[in-house]
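Here's the structure we're looking at; comments come further down.
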Amino acid sequence: MAPDRIMFIRHAEKPDASAGLGIEADGKADEESLAVRGWQRAGALARFFCPIDEARSERLTPATVFAAGNGPASKSKRSMQTVTPLVALLRQTSQVNYITAYLKEDGAALMTDVLTQRGIVLIAWEHKVLPPLIGHIPGAPAVPAAWPDERFDMVWILDRTDGRWSFSQRPQLLLAGDRAEPIR
3 MAPDRIMFIR HAEKPDASAG LGIEADGKAD EESLAVRGWQ RAGALARFFC PIDEARSERL
63 TPATVFAAGN GPASKSKRSM QTVTPLVALL RQTSQVNYIT AYLKEDGAAL MTDVLTQRGI
123 VLIAWEHKVL PPLIGHIPGA PAVPAAWPDE RFDMVWILDR TDGRWSFSQR PQLLLAGDRA
183 EPIR
């Protein structure tokens, strides 16, 4: 059994010259954490994926959330921090399967697990790895070859109908400066 829908997002904004320092949820400086703007996006994503008005959900509420874990080769906490507010919100109202067991380079194992899930799956990962992840899906549709460094504002969606996958993009449009045009 495979999920009906798999959604992909990159982790929210990371520290850099324009976004500022990385900080933990408690405000402690940490270069492996989100920038302040990233925390703003993480909070906004909670209601994007779990809207108050179910009629407006557009099948965005995940039953399973995967976020890249951290380990010796990748100490980044950003993928997990990006979905932390969403997972907390989902746990208030329903069961959610939250998995952080895979490191960013564990693409084949991650996607094997993803394909055993049911319903809607959300994957928050490092942007350079997202296009190759999709390549692990049998019969995967064509997607853009690269996720641009400056884009934190898009959701890639794979829908499965009659055993075939289709690809679409949904702009988040959550923060000032977010863009509606798809990634090409």
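Using our numbering, the first residue of the sequence shown is number 3, and each one after it goes up by one. Think of the CB as a built atom: it goes at the ideal place given N, C-alpha and C, for glycine as much as any other residue. If you're wondering where the values come from, they're calculated on a predicted model, not measured in any experiment.
Tell me which same chain residues have a C-beta within less than 8 Å of the C-beta of residue i, skipping the five on either side of it?
i	result
ASP18	ALA37
Are residue i and residue j touching if we call contact CB-CB under 8 Å?
i	j	result
GLU15	PHE154	yes
PHE51	ILE101	no
ALA65	ARG39	no
TYR104	ALA126	no
VAL116	PRO133	no
SER76	LYS30	no
PRO5	GLY165	no
GLU152	SER81	no
MET156	PRO143	no
Kindly list the residues whose CB is nearer than 6 Å to the CB of residue i, restricted to its own chain and excluding five residues on each side of it in sequence; keep chain order.
i	result
SER170	ILE159
ILE8	VAL123, LEU160
THR84	HIS13, ALA14, ALA44, ALA126
PRO184	GLN171
ALA182	PRO173
Can you give me the Cβ contacts of residue i inside the same chain, cut-off strictly under 7 Å, excluding the 5 residues immediately before and after it?
i	result
GLU26	ASP32, SER35
Please look up how many angstroms separate the CB atoms of residue i and residue j, rounded, as I've assumed it's under 8 Å.
i	j	result
TRP167	GLY141	6 Å
LEU176	ALA57	Between ALA57 and LEU176 the Cβ distance is about 20 Å, and since that is not below 8 Å, they are no contact.
LEU91	ALA48	5 Å
LEU88	GLY109	Their Cβ separation, rounded to whole angstroms, is 22 Å, which puts LEU88 and GLY109 out of contact at 8 Å.
How far does the alpha helix (DSSP H) with residue i in it extend, from its first residue to its last?
i	result
ALA90	80-95
MET113	109-116
ARG43	38-51
Following the continuous beta strand (DSSP E) through residue i, name the residue where it begins and the one where it ends.
i	result
ALA69	66-69
ARG12	7-12
Secondary structure, beta strand (DSSP E): runs of 3+ residues fully inside the segment 122-168
122-127, 156-163
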